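The structure under discussion appears below in the form of structure tokens.
Protein chains: 2
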Amino acid sequence: MSKEQNTVYIGRKPAMNYVLAVITSFHSSDTKEVTLKARGQAITTAVDVAEITNRRFMKDLKVSGITLGTEEMPPREGENRSRMVSTIEIKLTRG
Amino acid sequence: MSKEQNTVYIGRKPAMNYVLAVITSFHSSDTKEVTLKARGQAITTAVDVAEITNRRFMKDLKVSGITLGTEEMPPREGENRSRMVSTIEIKLTRG
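As structure tokens, then:
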């Protein structure tokens, strides 16, 4: 199985959408590990998703690793400079 | 020295304000460790502060620990229910 199947990309939707994606990912494959990836403002949503999934739905989950990073993004319309955007990866493991 | 002196609370100001606070904290005391604390939307700013301080100003820093959590906040004006808010603590250590 490719590793990407166990990755949930966090965007601008409400946190509950991604919570459902994480639960589905754990239940549909026999994986012990799902990684959340987010950048910019979605970082807060990624933390919400980890906390909600863990506290409300899968109490046997734990956060087994968190990595911060920075990515260069192309300039916005009408701007000249590329932007630096922070990223986060949160690895959730089933105990 | 109290531990609180080595904690930088991240709020709604621009990230560079807190980057300066972190650098000052490392230089004014002889500490090897500063902790960033944030909740809600400020979580993204906290990650920005860790990344900018590390990449642009203090290349010998590393993220030595990240803890996620949830806090109960009092209800907003006109609402009945308390809200759950995600939190993050990012520990920065000088190598």
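Taken in order, these protein sequences are the chains called A and B.
Take the first sequence: its position 37, counting from 1, is numbered 37 in the working numbering, and each next residue is one higher.
Add 95 to the 1-based position in the second sequence for the working numbering, that's all there is to it.
Glycine included, C-beta positions come from ideal geometry on N, C-alpha and C.
Please read these numbers as outputs of a predicted model, since none were measured by experiment.
Spatial neighbours of residue i in its chain, beta-carbon cut-off 7 Å, leaving aside the 5 residues before and after
i: residue 167(B); result: 177, 179
i: residue 12(A); result: 42
i: residue 10(A); result: 18, 36, 37, 38, 42, 45, 46, 49
Under 8 Å from the C-beta of residue i: neighbouring residues of chain B
i: residue 70(A); result: 146, 150
i: residue 63(A); result: 163
i: residue 88(A); result: 142
i: residue 40(A); result: 139
Closer than 7 Å at the beta carbon, the chain A residues around residue i
i: residue 138(B); result: 43, 44, 47
Same chain, Cβ closer than 6 Å to residue i, five either side skipped, listed in chain order
i: residue 19(A); result: 49, 52, 53
i: residue 96(B); result: Note on residue 96(B): pLDDT 44, under 50, position unreliable in the model; no value is reported.
i: residue 66(A); result: 90
Span of the alpha helix (DSSP H) around residue i
i: residue 102(B); result: Careful: residue 102(B) lies outside any alpha helix (DSSP H), inside the beta strand (DSSP E) at 102 to 104.
Bridge partners - residue i, DSSP secondary structure assignment
i: residue 132(B); result: 104(B), 184(B)
i: residue 115(B); result: Answer is none; residue 115(B) lacks a bridge partner.
i: residue 142(B); result: Partner(s): none; residue 142(B) has no beta bridge.
i: residue 168(B); result: 178(B)
Same chain only: Cβ atoms within 8 Å of residue i, ignoring 5 sequence neighbours per side
i: residue 6(A); result: 25, 29, 31, 33, 34, 35
i: residue 21(A); result: 8
Delimiting residues of the beta strand (DSSP E) encompassing residue i
i: residue 31(A); result: That residue, residue 31(A), is in no beta strand (DSSP E); it is neither H nor E in DSSP.
C-beta neighbour in chain E for residue i, strict 8 Å
i: residue 167(B); result: Any reference to chain E falls outside this structure, whose protein chains are A and B.
contact_flag[the segment 179 to 189 of chain B, the segment 127 to 146 of chain B] where n(CB pairs < 8 Å) is 3 or more: yes
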